[in-house]
Structure formats: C-alpha cells, structure tokens
Amino acid sequence: MKKGLQKSLLWVGVIVAFLSITMTLIVATETGTRWVLDRTLGGVAGLDVRDIRGTLLTNLEVGRIDYANPNAAMALIEIDINVSWSRTLMGRPTLQHLSVSEVRYQTLKQESIEPKPLEISIPEIPFSISVDSVTAQAITVNGNRVTDVAARMLELRSDGLRTPGATASFSDVEIVIRDFSIHFDDDLSVDGQVKWQYSGGEWNGAASVEGSLRQLRFQHELLAPYTATAIGSVRLLNQTSPVIDATVRANYWLFGQWTVANSELVIKGTTDVYSATAIATVTNEQSYSAELQVKGNGSSTGLEALEIRAQSALGRVMASGSIAWSPDLVLDMQVNGENIDLADFLPVAPGKLDTAFSLTASSPTNFVVDVTSLSGTYNDQAVNALGSFSRVDAAYLCTECELSIGQNNISFDGSVSGRSLAASFAIDANSLDHLWPELGGSITGDGVLRGSLDLPILTVNATGDLVSWRDWSVEKFTVQSRTSKLDKIDLQFDIDGLARGDAVFGRGRLRAEGELDAIDVHIDWWADELRASTRATITLGEDSVVGTVSRANLIEQYSGTWTLSSPLEFSAGTEGTRVAANSWVNGDAILQHDHLVITGSELELGATLSNMPLAVANNALPDSIRLGGFANADISLQRQDETWTGDLHWRQNDTDVWLSQPGVQEFQIDIPVFNFDVHLDAGGATARAEIKVEPGLDGLLEVSVDELSPDAELLARLQFSGSEWDWIPVLLPEIDDVQGAITADIRVGGSPRSPRLQGDLRWQQGQLAIPSLNAPLTDIDVTVTADSDDDASIIGRATAGGGTLLLDGRLEDIAQATRSFSVDVKGDSAELLNWPDYQLIASPDLNISGNTSTVAFNGKLDVEKAEIAVRELPEGAVRPSADAVVTGETLETRSKVLLSGDVNVILSESVHIDAFGLDSRLEGSLRFSQQETGKPQAVGELQLKDGVFGAYGQELEIEKGTLIFTGPIDDPIVNVRAIRKIDTVSGTVTVGIELRGRAKNPSSTIFSDPAMSETDTLSYLVLGRPLQTASTADGNQVADAAFALGVRQAALITNQIGLSLGLDELAIEGSNQSTVSLVAGKQINSRLYARYAYGVFARIGNLLLRYQLSERFTIEVGAGDSQSMDLLYIIEKK
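If you're matching positions, the sequence shown starts at 8 in my numbering and goes up one per residue.
Written out as structure tokens, the structure reads:
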C-alpha cells in the first residue's frame, strides 16, 4: 500500500515536471511560441502571421498579421504583446500591454453592384482576455485615418467588449471615449460616451450613444464656440443604407455677417432618399432679421422639390426648384419677392418692390437671372423693370434690360466679355431726383459702347438740363460723340452754368477729334472774370496716354494773362505719370515747373514761383477783401517707401490788404513781411510762419512733428502781439473802437489728434464799443491761460459807464470737437445800453455755458435803471396773421445753436416806459426760462405805477395796472383800469375803461360814476360831455371810439348816436378787417334815399343814391372806388 502510494506520487511528479518542461519549452522559447500560434491561428482561413520574434513568457513581437476574405482585407503591422502571467495562471488571461504600429482595413470591391443589408455575425469566442493597455499609432479604414489610439483596461469576453476609457485623434480632432461597451448579441448592443476637442481652436463637444446597431440612439452637444444639440437615432443592421432620424437645434450661430438663432433642422431617411426641413431666425449686421423656412427631398446627388421661404420686416421671398451637386452643379430656382423694402439696399429713399425671376446656374461663374417682372415704388415713384442678366465664364450680359422709375426710363442691351465692350443704351430721365434724392434735373440721350474697358469707344448724343448733385449743379450740358471707327474719336462736350453752392465756375467746351495716335483736343472755359484756353495733341496706346500741350493761356481780371511759354509734354500709363519741365509767364511773373514724376506710390515734384501777383486770389475771397503785392516760392517734394521729404519756402513782401464794407470807408493794411517755411524728412516735419503787419502787429508760429500722422509727437509755439485794431470794424461792423494791447505766448504739445496747450493770451488797457448798444467798455483787462492738457481759464474785468463787469470761467477741450465753456459774468451798476430813448443800467450775476451746438444762460439780472421810449412802431414790428404765407423770401441757412436758460430779472423803482400813449413806471420781477427746443417762457408780475394812458385824444390816469406772466412771454394776463374825471355843474363825473384777459385777446369795458348809458359814458370819455350836445363831427369821433371797443358793442352805441343826430341809419357793418365800414343813411323824401359807407381800414368812401321810379322800378347810382348804375325791377311771387 505504501509502496503503491509512493509510486503514484512519483508518476504525478514526473507528469508535472513533464508539463512544466513542456510549458516552458512552449512559452519560453521562440520555437514553442511559433508552434502555439501556428496551432491556435493556423485554422483561421485567410489569416497570415509573419515575422514572430520573442516569446510569450517575456515579450512577443509580430512583424505583420494579414487577414482577408472576399469582402475586406485587414493588416496589423508591428504588434507588441506582453502577457501578465501572474493573472493568467490564476485563471484570468491578461495582456499587460498590446501595441500596434498601424492597422489597415479596406473594403474590397464587390462583383455585384447591388447593395446588401448590413449583417454582422460575431463568432463565439471561447475564452476571455483582459488587456491593461492597448495602443495603435494609426488605424486606417477605407482611407480614413485615426492616429494615437489608446485604450486601457480592455476586456474581451465571449459576450462582448468593454473599456472604461480610450483616446484617439482624427483630422486634428482629439477624441476621448468613456465607459464604452458592445455586447455580442443578435442586435450588437452599444453603450458609451464621447468627448472631442478641435486642436486648432475652441471647438469642442460631447456625445452619448445607447441601444444597438439595429436602432442606435444618440445625443450630441456642441459646447463651444456655439451651442447646439443633435438628438436622434440611426438604424444600421439589416439596412442597405443607414436610416437616420435626427433633429439638430441651435440657439445662436454666426456665419460671417449673418446671425442664425432659434434654428432647428430635421433629417429623416437614408443618404440616398431623405427629407429635410429647417427653420431659423436670420439677422444681418444691420439688425434686419428674417424668419427662414426650408424644406426639400434629397439624395446623394442633390435636392429635389426644394422650397425656401423668408419673411421679415423688409418683405417676403419665396423660392422653389432644385439643386444638384453630382455629377455637376446645376441650380434651377423660381424666385418671387413680395413687398420688398428697399431700406436695407437703398437707404437714401423709401421704396417697396414685388419681383419674379428665374435663376439657373452651373457654377458661380455661369448663371442666368431672367427677370419676368419687377414692379413697385421707389422714392414715391412707380418702378418697373424687365431683362435678363447672365454670366458665362468671363462674359457678363444684360439682354433687353429696361428700368423705369417715375418719369425716368433707362434701357441697356450688351455685354462685357473679358476687357471687351459691346452695348447699346438709352436714357430718358426727366426727373433725376426720382432716381436719387441727391440728384436733380434731367438727362436724355442714347448711344453705343464699344472697344475695351481700358479704351472704351463711345458713340452718344446726350443733353442735361439743371443737373445737380448735392451742392454741385450744371444749368445745361450736351455730349456728342460721332465715333464710327474703333480707332477714331469725334467728341464734343459743352457745359454751362457749372456751380458749387454759391460759387459759379462758368461754362466750358471740350472738343476731341482724330485718330487714336493723334487726337486734337481743344478745351475752352469762360467764367465771369476768367477765361482759359488749351490746345493739345494726345496719342492713346494700349496702356498709356502720351500728349503735348501746344498752347495754353489763362486770362484773369486781377492778375492779367498767364501763358504757357513752350509746348508741354506729358505721359501717363502703367509705368507712371511724367510731366516735362515748363513754365507759365505773366509779365514779370513766372511759374516754373521743373519736373513731376509719379510712379506707383513714388512721387517727385519741383517748382518755383517768381513775382506772383497776389491778386490771383481775389476771385476766391469775399468782395470785402482784396489783396495786392507779390509772392515768391519754391517747392521740392519727394515720396518714396511711404516717406515724404522736401521743402517749401514762401515769401511775401509789401503785401497790401484792402478791407471795405458798404457805407464804410475803405481801409488798407500793410504787411511788409509774411514768410512760411516747411521742411519734411524721415524724422517728421518742421514749419515756421512769420508775419508783420503795420501798424502794430507781429506774429510767429513754429511747429514740429516727429512723423506725419495724427498721433505724432507735436511741439509748437505761437507768439503774437498787436496794439492797432482800426481795421477790425471794417470786417466786423457790429463792433467799433477796438483798442488795447493783445499779446499771446502759447505752447502746444501732445499730438495733432490730442494737443495739449500751455501759455496765455492777454488783452490789456482795452476798449470796445458795440454801436447798436452805444455803451462802450473801457479799461478792459482779460487773460486766457491754458493751464492743463486741453483746458484754459479766463478772467477779466471792464468798466461799463459808471459800473464794472467781471469775467471768470473755464474753456475745456479747446482743440477738440467737444469743446465747451462756462463763464460767470458779474457786474455792479454796469451801463449796458445808452441811447436817448433807451437806457439800461443793471447788475448781472449770470453763468453762461455751452458748446458748439448749445448755449445756456442762468442767474439773475438786477435792473437798477431803465428808460424806454418808443416814438413810433418799428418797421416789421407788426406780426403777420397766423394764416399768412410769405412767398419769394430766401432765408439764410446757418448752423443752429440751441439756446436755453433760466434768468430772474428784478426791476427797481427807476424803470420807466413811455410808449404809444403809456407813460408809467414799471416794478416787479420776471423769471425768464428757455428750453433748447421750446419757446421763451416768463413767470412773474409787473405793476404799472404812477402812470397815465393816452386814449381817444384824452389822458387817462392809470388807477390800477398789472401784467401777470404765466407762460408765453408775448401773452401775459392784462388787468388795467384807467379813469378820467370831468367837473360838471352837477358834480364830478368819473368815466374810464378796463382791460382784462390775455394780451392776445383782451376784453374792454367802459364804466362811469354816476352810472349812465354806455353811449353817454363813451361820449364823456371821448368828448367830456354828453352825446346830445355833440355835433356831427363829434358823433363820428364817438363812433370810431365805439368801434375800437368792438363791433358788437359798437352797434348798440352807433344806433343811439344816429338817433341823436337825426339819421335814419348809423351802423357798423362787415365781418372782417377788409369789409368793416361805418354806414350813415337818410331818407331825403318819399322817393329818394341817400346812403354813405366809409371803410374803416380801407379809407375809401362810397355814396349810394336810390330813387323809386314806380311801384316796381327803382334806379340805383353808386360812386366811390368804382361807378355803377342799376335798374331794378321787383316781382313778388304769390
């Protein structure tokens, strides 16, 4: 028994030793390793393993593994396998590392072109294996290459494949896979998550998949730079093509200048047959947005039944058709636009259009747009257009193109092919402002265009009348081109009334005739005080123009005749522009041109000027300024490599300036010295200007910059002094008697764009008079000091009559467009107005502030004394009626400065007014206010004190008088009571008048004490006695007074006056100012009636006599501004 057990153990040991030796020989030797791989893989059809190195025990390297079947071929190159034997021997086969240099997979060409459903059968794997690390430098599948593939903790089991993480790179996109698994069931279930990052930018996203290849559900989110979400599913198994059902949504996306928001794209079908719909809000950089809808059915070659709709505030566009991209690009669309607003395309004028056109294209350079209709309005004018526009390679064609806008019709038919032209055109534009608001006038004409873009040949007849463009205008022009050959020119262009604003440049004619190698050109120009004439011969080459000016002269009123001294040669072309040396001569004056060469961006110029009469500038100066004297100058200027160099020297000696104004004696200023020098070099520029004026003015300006740019370092200094200013009133008649010494020393730093000022300007011992005020300012002492980067302070004082004025303020951003000021003006008993009829002494305490567009006044004004005497109403003081229209008046256009403010005016007891019968003192205060866009307002109350009022030929004592302002300055509330006292035998009679209400529509009443009729009250007020004692002339005077009270009230009074005078008729008739008349009538006898009417305002009398001939016949005779006689027959109907 014991021996048997020992024997058994011996055999077991032998077997274990044999197996150990065998396993060692298999896994620890290359021969054993190759034998195992051959036995394991040798039975797999189509598999070929080559170049096995190493062992399974240590490290196994395989040079190449190829596998092929009828459908595909795969190759693994340079495989490195490292087995973890510790875990493998424990029953868990594990590879510690598996790396592959390259994996290639290629689908082989099938003999049958019929697609087959996708079917995948995974053979049963009889073992499980784990791989700690898997790497592959590159994996290529059907030409698509993935690099840097790495996976960790890969598990291959009989039921599937799992990995917690993997990475790869594909076309600059880095991919990270997490928690990926695939189950080897019938549907091949898949689950996993993917993140990706574009290595060249900020694009990145994340996705997840779940389900199976029979129906794989996915959700993808784009995270940056924009956000978007794609949700859907794809079916792969048992499908000849993947079946997709996906929805893509994005809240915001930017394509160039277009922003796409709230977009959604739905795709259903396969790559061969699918449908797609899309909606989005599209906005351009001008903030115009449109709601876009697109739907269509497609295939791998293009889209059919494509429909596009766009709706926005600018209108609606609908397009339908198809687009193919394989095998060639073919576009065929019908487009309709409705109510298209032109604001985004032509913002200068309003307009809306409807259009229908077809678009066909085979490439971006080959297309046809056939407009079948285009109609609507533009600039409030009807619009219609037809035609076909196309491009074929380098040729552009517009076939039978017609456009009409209002009274303007334009037609064009032709082409531009390469550089060649062939077209005809016609224009009949009677209202150019309908085409473009900034245009004006009319143009008619037709012509033919041939030749090339470089040398167009034009045959045309055209005429323009009152043509204008912005501030340029032409009264009339005509163009006649009778060219019949491509190598000949016959052109005449006449222009008359060329002007820019108020500046008129005259008329001219251009005449060109001849062969292209010898064109005779005549140019003549006439202006009021100038005439110019030029004769030249020009040769037109393929890329150049060469010519000779044989004769030229310019006749100018002030400086005489300038003549070209000898023929002038010039050329211009691709090699540059050159003008040969020459000179212009005018007596002793010479303008010598040495050379002018322009080549690309390079320039070279040299010229000198000798004894130039300054009178040549008089045409450009106002009529009130004339120059005399002579100037000498020389200039040398070069530009090379974007750098300017050169010098300019200008010298004026014994210059005379004559200043004149209508009604003012001419004044002469002598300028013995005016020099100006500029030097340019690579380091920037320097300039120096010096001026001496007699009498008593000197100025010096020095400037330097380190480069020619707005941001260059700037250094400048201005020095100025003067003491004689007699010439200023000639230029500015609003001021007079300017005296004092003005000096300035100002330094400028910083840059031309943002200068910094330092220094001061001072006016000492000054005097100034404003003739319209007749209140001179004396002892003026004002100093302006630049004390910061771009700011300055102002302080000053002056004597005004027996009082003083003080200034204290700031000027900010002096050299900028945003410049502003704030000045406090204070005074003590300053005389501001001093005329016999107008005097004003006041103490201001005001702040005046503003900028280039607004000025504001705030503070108070204490009026200590004022005398106002109005002897007669100034011309134009009567305001026209609100419904009056003034025609034929030209208003001067000025830049508008908006005024605003809040000023409290306080009147003392010494304010007196004597105007239109009113003689009274004024007391009280008013607060004046003004908004920038409103009318002046006033709030306060004024009292009439110790006053009398002249009315109806009598002086009435003002018993009470107030003016209350509650808003508009010209419409206060009036409350005035004026009386007259008459002593009679029965006692004192008091009569008077009361005015109440708004100043624009007051009401008046008369009263008496003791009480009496209105007729007698008015009679006492006017005559000082009752009406029954009045004569006929007195009665008329009372009637006029009654009319002054108002027509309605006057009617009652005049009737009573008529009865007291024994008249049968005394009345006021008429409904308005032009027809109101005072009428008096008397029955002379039973047949004769006399009636006299006198126009109260027209001041014309009319006498009417009516005589009754019989019961039915009456004769009327009238005499006045016209004479008439009428025979009247009376018929009574029963």
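Cβ atoms here follow ideal geometry from the backbone N, Cα and C, with glycine treated the same way.
Buried or exposed by the 16-neighbour rule on C-beta atoms within 10 Å, applied to residue i
i    : result
I412 : buried
Q647 : exposed
R477 : exposed
N625 : buried
S319 : buried
V280 : exposed
M619 : buried
Distance between residue j and residue i (C-alpha atoms, nearest Å)
i     : j     : result
A469  : C408  : 20 angstroms
P334  : S106  : 43 angstroms
M160  : L229  : 29 angstroms
S927  : A356  : 60 angstroms
T236  : S856  : 59 angstroms
Q5    : L933  : In the structure as shown, the chain starts at 8 and stops at 1141, and residue 5 therefore has no counterpart that could be examined.
D953  : Q774  : 39 angstroms
E611  : A588  : 12 angstroms
W770  : R518  : 60 angstroms
I434  : I315  : 37 angstroms
D752  : L768  : 7 angstroms
A822  : Q726  : 18 angstroms
L1028 : L812  : 50 angstroms
D641  : N682  : 12 angstroms
L1025 : I1013 : 7 angstroms
T606  : S551  : 13 angstroms
G447  : W479  : 10 angstroms
Y845  : R1113 : 57 angstroms
E697  : T861  : 36 angstroms
L708  : L839  : 38 angstroms
Own chain partners of residue i with C-beta closer than 6 angstroms, once the 5 adjacent residues on each side are dropped
i     : result
V885  : Caution applies to V885, whose pLDDT of 47 falls short of 50 and renders its modelled position unreliable; the model cannot decide the point.
A312  : G303 and N304
T174  : A157 and V183
G580  : D550 and S551
T997  : I986, K988 and D1016
L1059 : Interpretation of L1059 is limited by its pLDDT of 42, a score under 50 that renders its predicted location unreliable; the figure taken from the coordinates is listed afterwards. If we look at L1059 and ignore the five residues flanking it on each side, it has no Cβ neighbours.
Cβ-based neighbour list, residue i, same chain, cut-off 7 angstroms, excluding 5 preceding and 5 following
i    : result
P205 : According to the sequence provided, residue 205 is Tyr. The question's Pro does not apply to it. The answer, listed in chain order, is D179, V180 and N211.
F441 : One detail in the question is off: residue 441 reads as His in this sequence, not Phe. The answer, listed in chain order, is N386, Q388, I412, G413, Q414 and N415.
S459 : R426, S427 and L428
G207 : D179
E916 : R928 and E930
G594 : G567
Whether residue i touches residue j by CB criterion (8 angstroms)
i    : j    : result
V201 : I182 : yes
H602 : D654 : no
I84  : E109 : yes
T372 : D348 : no
Y233 : W260 : yes
K359 : N346 : yes
P100 : I136 : yes
S240 : L223 : yes
S836 : G803 : no
E939 : I971 : no
R514 : W533 : yes
N911 : W842 : no
F674 : V737 : yes
G808 : V830 : no
L847 : F864 : no
Residues near residue i in its chain [Cβ-Cβ closer than 8 angstroms; skip 5 each side]
i    : result
L321 : Y295, A297, I347, D348, A350 and D351
Does the count of Cβ pairs from the region 709 to 716 and the region 729 to 749 closer than 8 angstroms reach three?
-> no
Determine contact between the region 323 to 330 and the region 263 to 275, defined as no fewer than three beta-carbon pairs at a distance below 8 angstroms.
-> no
Are there three or more Cβ pairs, one per stretch, closer than 8 angstroms when the region 675 to 693 is compared with the region 724 to 731?
-> no
Inspect the CB distances between the region 548 to 561 and the region 572 to 587 and report whether three or more fall short of 8 angstroms.
-> yes
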